[in-house]
């Protein structure tokens, strides 16, 4: 069975500092994708970044990078130079190819950026 | 408007009533999904569909029914609503059979079962 674990219910970070949000996953699929989504207080779900299981380099998208450690089954999100607008809920997700390409999510981490 | 739309945005119902949440997408995406979001649980997959007339159970399917007679529509029905089904429901879609396909989400339906 596939599973996503986010062990940090809440995190605080000082504005302009970097922060790492943890995500570990479990799957028996050889091919899978890992995603991070942001949910601000408005409730919308915003795609941030994607990492494929066969990608050798860590994904980056602007201030977001994904620290992918395949052997440890971890896919941590790193946000550099935090901004007040980064305060939101962050979800790690995985899409495998067993059982119909469904996407499952972790419980989320709420990030608070302090001025 | 193009995209993925959910209706209603808010719904209050009583225990035992049937309620249907609607989801419509204009992209002709193959895959559609229903999630519920609850504090401490993140988003949990209820049902998903790979194409019209193909549906499958997710992580928490009990008490829910789906159908997909047309590619663009994926309604979710609570046959006899219970208080534990009070939640925010998100519909999502993705284009293809691939592990690199991100999800496109609707705005969500906030359902309260009294």
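Residue numbers (my numbering), protein chains in the order written: chain Z, 1294 to 1408; chain G, 502 to 615.
For glycine and all other residues, C-beta sits at the position ideal for the given N, C-alpha and C.
Because the structure is a prediction, the values reported are computed rather than measured.
Contact check, residue i vs residue j, beta carbons under 7 Å
{"i": "residue 1419(Z)", "j": "residue 1332(Z)", "result": "Nothing about residue 1419(Z) can be reported from this structure: the residues present for chain Z run from 1294 to 1408 only."}
{"i": "residue 1387(Z)", "j": "residue 1341(Z)", "result": "no"}
{"i": "residue 534(G)", "j": "residue 593(G)", "result": "yes"}
{"i": "residue 566(G)", "j": "residue 580(G)", "result": "yes"}
{"i": "residue 600(G)", "j": "residue 1324(Z)", "result": "yes"}
{"i": "residue 591(G)", "j": "residue 606(G)", "result": "yes"}
{"i": "residue 525(G)", "j": "residue 573(G)", "result": "yes"}
{"i": "residue 543(G)", "j": "residue 1394(Z)", "result": "no"}
Residue-level contact to chain Z via CB, residue i, 7 Å cutoff
{"i": "residue 590(G)", "result": "no"}
{"i": "residue 542(G)", "result": "yes"}
{"i": "residue 598(G)", "result": "yes"}
{"i": "residue 549(G)", "result": "yes"}
CB contact check: residue i to chain G, cutoff 7 Å
{"i": "residue 1414(Z)", "result": "Because chain Z is modelled from 1294 through 1408, residue 1414(Z) falls outside the range shown and cannot be assessed."}
Straight-line gap, residue i to residue j (C-alpha atoms, nearest Å)
{"i": "residue 1316(Z)", "j": "residue 506(G)", "result": "30 Å"}
{"i": "residue 1383(Z)", "j": "residue 1304(Z)", "result": "11 Å"}
{"i": "residue 586(G)", "j": "residue 1402(Z)", "result": "23 Å"}
{"i": "residue 603(G)", "j": "residue 514(G)", "result": "32 Å"}
{"i": "residue 523(G)", "j": "residue 537(G)", "result": "14 Å"}
{"i": "residue 1344(Z)", "j": "residue 517(G)", "result": "43 Å"}
{"i": "residue 615(G)", "j": "residue 521(G)", "result": "16 Å"}
Cβ-based neighbour list, residue i, same chain, cut-off 6 Å, excluding 5 preceding and 5 following
{"i": "residue 611(G)", "result": "511 and 589"}
8 Å Cβ shell around residue i - same chain, five flanking residues per side excluded
{"i": "residue 1308(Z)", "result": "1375, 1376, 1377, 1406, 1407 and 1408"}
Cβ-based contacts, 8 Å cut-off: residues of the region 551-563 of chain G near chain Z: 551, 557, 559 and 560
Cβ-based contacts, 7 Å cut-off: residues of the region 1384-1400 of chain Z near chain G: 1384, 1388, 1389, 1390, 1393, 1394, 1395, 1396, 1397, 1398, 1399 and 1400
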